[in-house]
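Enquirer:
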Amino acid sequence: MGFLTYLDRIDRRIMYLLLAVVVIVPLIFPIIRQKTEITPEVMKAYEAVEKLPTKDAPRKDYKIAVISVFFGPGTMAENRPQMEALVRHFFRRGVPFGILPFDQAGTTLAYNKVDQIAKEMNKEYGKDWIAFSWQPIFDQTLQAMATNVPRTLGRDKRYNAPLTDTKRFPIMEGIKTAGDFSMVVEVTPSGTVPAWISYIGQTKKVPIVYCPTGVMVPEGYNFLDAHQIVGMLPGLMGAARYEAALGEKGFATRAAGSLSTSHVLIIVLIILGNIGYFMSLRQRSSS
Amino acid sequence: MHGIGSVIISHKEIIGLWAGAICTLAIFSLLYKENPVYRLAEHVFIGLAMGYGVFITWSEVLQPKWWDPMVNKGQWWWALAITPGLMYYFIYSKHNVWISRIILGATFGFFSGLAFQGFANTYIPMVGASFKPLAPTPGEAGIGAFSSVFNNVIFVVVLVAVMGYFFFSIDHSARSVRHTAALGRWFLMFAFGAMFGATVMARMALFIGRVDFLRTDFAPFVPAWFWYVAIGLVIAAVLMYLTWPKPPTKPEEADAEEAAPS
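These protein sequence lines map, in sequence, to chains F and V.
Per my numbering: the first sequence ends with 287, consecutive numbering throughout.
Per my numbering: the second sequence ends with 549, consecutive numbering throughout.
1. Look at the Cβ atom of ASP11/F, then the Cβ atom of SER280/F, and state whether they are nearer than 8 angstroms.
2. May I ask you to report which of helix, strand or coil DSSP gives TRP129/F?
3. Note down, in chain order, all residues in the stretch 381-404 of chain V with a beta-carbon under 9 angstroms from any beta-carbon belonging to chain A.
4. Once you ignore the five residues that flank THR177/F on each side, which residues in its own chain have a CB closer than 8 angstroms to its CB?
5. Would TYR242/F and ALA85/F qualify as a contact pair, given that the criterion is a beta-carbon distance under 8 angstroms?
6. What would DSSP say about PHE398/V, mapped onto helix, strand or coil?
7. Can you find the residues in the same chain that come closer than 8 angstroms, C-beta to C-beta, to VAL436/V, ignoring five residues on each side of it along the sequence?
8. Could you give the first and the last residue of the continuous alpha helix (DSSP H) run that contains LEU526/V?
9. For SER68/F, list the residues DSSP reports as bridge partners.
10. Name the residues in the stretch 321-352 of chain V whose C-beta lies less than 8 angstroms from a C-beta of chain F; which are they?
11. Of the choices PRO73/F, THR5/F, LYS51/F, whose alpha-carbon is the least far from that of THR213/F?
12. With 16 as the cutoff for other CB atoms within 10 Å, does ARG284/F come out buried or exposed?
13. So which of THR192/F, ALA240/F, GLY250/F has the shortest CA-CA distance to PHE223/F?
14. Can you pull the chain F residues whose beta carbon is under 8 angstroms from the beta carbon of ASP499/V, in chain order?
15. Kindly indicate which residue of ASP139/F, ALA252/F, ALA239/F has the alpha-carbon position closest to the one of SER198/F.
16. For VAL113/F, which residues in the same chain have their Cβ closer than 8 angstroms to its Cβ, ignoring the five residues on either side in sequence?
17. To the nearest angstrom, how far is the alpha carbon of ARG490/V from that of TRP365/V?
18. Do GLY231/F and GLU41/F count as a contact pair if the criterion is CB distance below 8 angstroms?
19. Would you report the Cα separation of ALA240/F and GLY98/F, rounded to the nearest angstrom?
20. Going along the chain, which residues of the stretch 472-490 of chain V sit with their C-beta nearer than 7 angstroms to a C-beta in chain F?
21. Measuring straight from C-alpha to C-alpha, what distance separates LEU327/V and TYR319/V?
22. List the DSSP bridge partners of PHE181/F.
23. Can you give the Cα-Cα distance for ASP504/V and PRO356/V, rounded to whole angstroms?
24. Going by C-alpha distance, which of LEU100/F, ARG151/F, THR152/F, ARG168/F is nearest TYR159/F?
25. Nearest-angstrom Cα distance between VAL440/V and PHE403/V?
26. Determine the extent of the beta strand (DSSP E) in which ILE291/F is found, giving its start and end residues.
27. Distance check for LEU18/F and PRO96/F, CA to CA, integer angstroms please.
28. Can you list, in chain order, the residues of its chain whose CB lies under 7 angstroms from that of ALA432/V, leaving out five sequence neighbours each side?
29. Based on the DSSP output, what are the partners of ASP156/F in its beta bridges?
30. Which residue's Cα is closest to the Cα of PRO288/F: ILE31/F, GLY106/F, ALA118/F, GLY94/F?
31. If we ignore side chains and look at the alpha-carbon of each, how far apart do VAL21/F and TYR125/F end up?
32. On the criterion of 16 or more Cβ atoms from any shown chain inside 10 Å, does HIS330/V qualify as buried, or is it exposed?
33. In chain order, what residues of the same chain have a beta carbon less than 6 angstroms from the beta carbon of THR311/V, not counting five sequence neighbours either side?
34. Out of curiosity, what's the CA-to-CA distance linking VAL414/V and SER262/F?
35. On the DSSP bridge assignment, give the partners of GLY231/F in chain order.
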């Protein structure tokens, strides 16, 4: 009885310590080998990317994908692996794409990561991918892109050169409006995907892949069910599942074991806390 | 230059790694107790974010899109953009606050129009998608048809029940909506549970991200003695916590302890 009532007033620092142990141990010693199941929403995203036109597509079919970067350092651990998994898939298939940052710090975070992957995979800036400059306003940028992409986005990030310079940026050849986007990937910790759906997805019929943080995942299923997005990578597990679909093992796959053990601990603590609470109630009512 | 295996990094990057590791540990120190090291790290982060924001705003927006055309290309009319910008600041003047209301009103009107368009394009297709067939559609047969219909029935039941819960024109104790609203409340509880689980995943992911940084990026470039000292300090802190005699806490202190950030 004493131990059970103690569970109701257990010091939170002990719980933090336990949490640290169950997160750190599987990361250092990958003892948990769980099969990463590829869920339908992730598979749909994967299949949608598989259908995109490549850079060698005929002129009339040529389009570029856009990765909208709305994350910063605060949610980097969740959003960056999602972006990385999709970037690797784009590079592997030869899908030309641009990264479009809406977060100040995310501008550099995303650029550095894609640049690193591009060097690993021998991809050329301006030809296989491009980084647009940071855009301070979201809704208006999307609306303006619907009619003129190069004028709205202005310049690239690396050279600060105009996007109309197609000799320097052959990737931008023929890209005029948002209708020339083959796909939009929204990597975000916020509720920003409705704007993409509203201004670009619905009006220009551009498929959207949604990469939210875990907190935003439940809302995402509404968009998926209404076919407003073609696929979704739900949080870090979504990135791990996409890595499994690609046959790669990145940070998300490494983290999957720690995520599972931490969830088990939280469930156990919730059960123990409730047992302790009811035992305390009973003790108080009997005394 | 420092190297490990095939990876060579510069002194600048080494300093960056150490700064990242120290700030990470300083922020996590809050989990034990509020302390000056945590406060320092917090202020450093806020200052850095603010300074970086100002720099990016100038270098990627104001300079190329406003200053350069105005000063270097002779497009003097860009100077007129200062006027509406300055109008916002009249909000601090009691006599001339009306000037700020003009620009604020224009901004609100603009965003209201955008919001209306956004709402219509985002939610009306959802309403359309909620009309689901409750009988097998042509071409569906067998277990596939059964599972599709079963899913749709669940969808419609949940939709009606939750809508019933938010229907406040009739008292929820009335027989017509009592059970539907109660069922809707249960379904909402399930949804909140799913959100809680997803939030736990999100928070754990952030923690895992920092731990992975310490292990993968930082650890290979620090000497072994650092880890021995760090592990020794953690063990010493745990032992001290477990064995240190605790003074009796006053009721109000206990309440404050409960209300501490978790």
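Note that CB positions come from ideal geometry on N, CA and C, so glycine has one too.
Bear in mind that the values here come from a model prediction, so they are computed numbers and not experimental data.
Expert: Once the coordinates are examined:
1. Taking the first sequence and counting its residues from 1, the one referred to as residue 11/F is at position 11. Taking the first sequence and counting its residues from 1, the one referred to as residue 280/F is at position 280. No. Outside cutoff.
2. Translated into positions along the first sequence, residue 129/F becomes position 129. Three-state DSSP puts TRP129/F in a strand.
3. No chain A appears in this structure, whose protein chains are F and V.
4. In the first sequence, the residue the question calls residue 177/F occupies position 177. Once the five neighbours on either side are set aside, the close Cβ partners of THR177/F are MET145, ALA146, THR147, ASN148, VAL149, LYS204.
5. Against the first sequence, residue 242/F aligns to sequence position 242. Against the first sequence, residue 85/F aligns to sequence position 85. Yes. Within cutoff.
6. Counting from one through the second sequence, the residue named residue 398/V turns up at place 111. In this structure, PHE398/V counts as helix in the three-state DSSP scheme.
7. As a position in the second sequence, residue 436/V is number 149, starting the count at 1. So the list reads PRO420, LEU421, ALA422, PRO423, once near-sequence residues are dropped.
8. Numbered from 1 along the second sequence, position 239 holds the residue referred to as residue 526/V. Here the alpha helix (DSSP H) through LEU526/V covers 511-530.
9. Within the first sequence, the letter at position 68 stands for residue 68/F. Its beta-bridge partners are LEU100/F, GLU186/F.
10. ALA336, TYR339, GLY340, ILE343, THR344, GLU347, VAL348, PRO351, LYS352
11. Within the first sequence, the letter at position 213 stands for residue 213/F. For THR213/F, the nearest C-alpha among the options comes from PRO73/F.
12. As a working note, residue 284/F is residue 284 in the first sequence. Flag for ARG284/F reads exposed.
13. Start at 1 with the first residue of the first sequence, and residue 223/F comes out as number 223. If we check each option's Cα against that of PHE223/F, THR192/F comes out closest.
14. For the purposes of this step, residue 499/V is taken as residue 212 along the second sequence, with counting starting at 1. Near ASP499/V (Cβ distances below 8 angstroms), the residues of chain F are LEU27, ALA77, PHE251, ARG254, ALA255.
15. The sequence position of residue 198/F within the first sequence is 198, counting from 1. Shortest Cα-Cα distance from SER198/F to any of ASP139/F, ALA252/F, ALA239/F involves ASP139/F.
16. Taking the first sequence and counting its residues from 1, one reaches residue 113/F at position 113. Before going on, a small fix: residue 113/F reads as Lys here, not Val. Same-chain partners within the cutoff: ARG80, MET83, GLU84, VAL87.
17. Position 203 of the second sequence, counted from the start, is the residue given in the question as residue 490/V. Position 78 of the second sequence, counted from the start, is the residue given in the question as residue 365/V. Using only the alpha carbons, I get a separation of about 45 angstroms.
18. The residue you call residue 41/F lines up with position 41 of the first sequence. The residue you call residue 231/F lines up with position 231 of the first sequence. Yes, the pair counts as a contact, with Cβ atoms nearer than the cut-off.
19. In the first sequence, the residue the question calls residue 240/F occupies position 240. In the first sequence, the residue the question calls residue 98/F occupies position 98. For ALA240/F and GLY98/F, the distance between alpha carbons rounds to 23 angstroms.
20. ALA478, ALA481, MET482, ALA485, THR486, VAL487, MET488, ALA489
21. What you label residue 327/V is simply residue 40 of the second sequence in a count that begins at 1. What you label residue 319/V is simply residue 32 of the second sequence in a count that begins at 1. Taking the straight line from one Cα to the other gives about 16 angstroms.
22. As a working mapping, residue 181/F is identified with position 181 in the first sequence. Its beta-bridge partners are ILE64/F.
23. As a first step, residue 504/V is located in the second sequence; it is residue number 217 there, counting from the start. As a first step, residue 356/V is located in the second sequence; it is residue number 69 there, counting from the start. Approximately 43 angstroms between the Cα atoms of the pair.
24. In the first sequence, counting from the first residue as 1, residue 159/F sits at position 159. It is ARG168/F whose Cα lies nearest to the Cα of TYR159/F.
25. For the purposes of this step, residue 440/V is taken as residue 153 along the second sequence, with counting starting at 1. For the purposes of this step, residue 403/V is taken as residue 116 along the second sequence, with counting starting at 1. Spanning the two alpha carbons is a distance of roughly 32 angstroms.
26. In this structure chain F extends from 1 to 287, so residue 291/F is not present and cannot be described.
27. Taking the first sequence and counting its residues from 1, the one referred to as residue 96/F is at position 96. Taking the first sequence and counting its residues from 1, the one referred to as residue 18/F is at position 18. Distance between the alpha carbons of PRO96/F and LEU18/F: 45 angstroms.
28. Numbered from 1 along the second sequence, position 145 holds the residue referred to as residue 432/V. Once the five neighbours on either side are set aside, the close Cβ partners of ALA432/V are PRO423.
29. Here residue 156/F is taken as the residue at index 156 of the first sequence, counted from 1. DSSP, once it has assigned bridges, lists PHE132/F as partnering ASP156/F.
30. Beyond the ends of chain F as shown, which are 1 and 287, falls residue 288/F; an answer cannot be given.
31. Stepping through the first sequence from its first residue, residue 21/F is reached at position 21. Stepping through the first sequence from its first residue, residue 125/F is reached at position 125. Each residue's Cα considered, the two are about 42 angstroms apart.
32. Mapped onto the second sequence, residue 330/V falls at position 43. Label assigned to HIS330/V: exposed.
33. Walking along the second sequence from the start, residue 311/V turns up at place 24. So the list reads ARG497, once near-sequence residues are dropped.
34. Your numbering for residue 414/V matches position 127 in the second sequence. Your numbering for residue 262/F matches position 262 in the first sequence. Roughly 37 angstroms separates the two Cα atoms.
35. Position 231 of the first sequence, counting from 1, holds the residue named residue 231/F. Its beta-bridge partners are VAL209/F.
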